[in-house]
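Visitor: Before anything else, here's the structure in question.
Numbering (the numbering used here), first residue to last: 21 to 202.
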């Protein structure tokens, strides 16, 4: 993982084309032609202190294959959300997501002293829900009719979290998953 910049543009455009991810109705992935604007928006949000976006680079290809972000950071409540995560189709179901989440969660709990880290996804994004559950996060609940999607449909949002008391066990699970994927 590395801080997101416009230098990642071409790799990220290629990553969205791998699987035509922007066409999925149950998630929001930038279309190739909007990538530059999306990166600019995320960098502006970072400058305003609202998020910390990252490009996720494959160590195999040395190309950025997706993005992930710290967002909804609440320093007073010592919590944040990890979200806006997407990966090229060829990078999905690889150790890459586990590695990225290990880095993000370790930093959140061990450096930022978070009490809770949250993940949110569309109720119908079963692949994302399973990936979040494999990380060891627990379902807190479903926010019904929570968001209006670009196509006008209403999104029910599944909210998951890992809390500080669970972090030692989740860290062991992630370490075991990383060792078994080598």
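C-beta atoms are modelled at their ideal positions from N, C-alpha and C, and glycine is treated no differently.
Give the DSSP-derived three-state secondary structure of residue 136 in the structure shown.
Guide: By 1-based counting over the chain shown, the position of residue 136 is 116. It is a strand residue.
Visitor: Find out if the Cβ-Cβ distance for the pair residue 37, residue 52 is shorter than 8 Å.
Guide: For the purposes of this step, residue 37 is identified with residue 17 of the chain shown, where counting begins at 1. For the purposes of this step, residue 52 is identified with residue 32 of the chain shown, where counting begins at 1. Closer than 8 Å, so yes.
Visitor: Quick one: what does DSSP say residue 116 is sitting in, helix, strand or coil?
Guide: Taking the first residue of the chain shown as position 1, residue 116 is located at position 96. Three-state DSSP puts residue 116 in a helix.
Visitor: Put residue 171 into one of helix, strand or coil per three-state DSSP.
Guide: Translated into positions along the chain shown, residue 171 becomes position 151. Three-state DSSP puts residue 171 in coil, outside helix and strand.
Visitor: Is it right to say residue 168 is buried, meaning 16 or more other beta carbons lie within 10 angstroms of its own, or is it exposed?
Guide: Stepping through the chain shown from its first residue, residue 168 is reached at position 148. Classification of residue 168: exposed, given that the 10 Å Cβ count is below 16.
Visitor: Using DSSP bridges, identify the partner residues of residue 106.
Guide: Here residue 106 refers to the residue found at position 86 of the chain shown. Answer is 87.
Visitor: In chain order, what residues of the same chain have a beta carbon less than 6 Å from the beta carbon of residue 32, not counting five sequence neighbours either side?
Guide: As a position in the chain shown, residue 32 is number 12, starting the count at 1. Excluding positions up to five away in sequence, the list reads 55 and 84.
Visitor: I need the DSSP call for residue 24, collapsed to helix, strand or coil.
Guide: Indexing the chain shown from 1 puts residue 24 at position 4. Residue 24: coil per DSSP, three-state reduction.
Visitor: From residue 24 to residue 161, what distance separates their C-alpha atoms?
Guide: The residue given as residue 24 occupies position 4 in the chain shown. The residue given as residue 161 occupies position 141 in the chain shown. About 31 Å.
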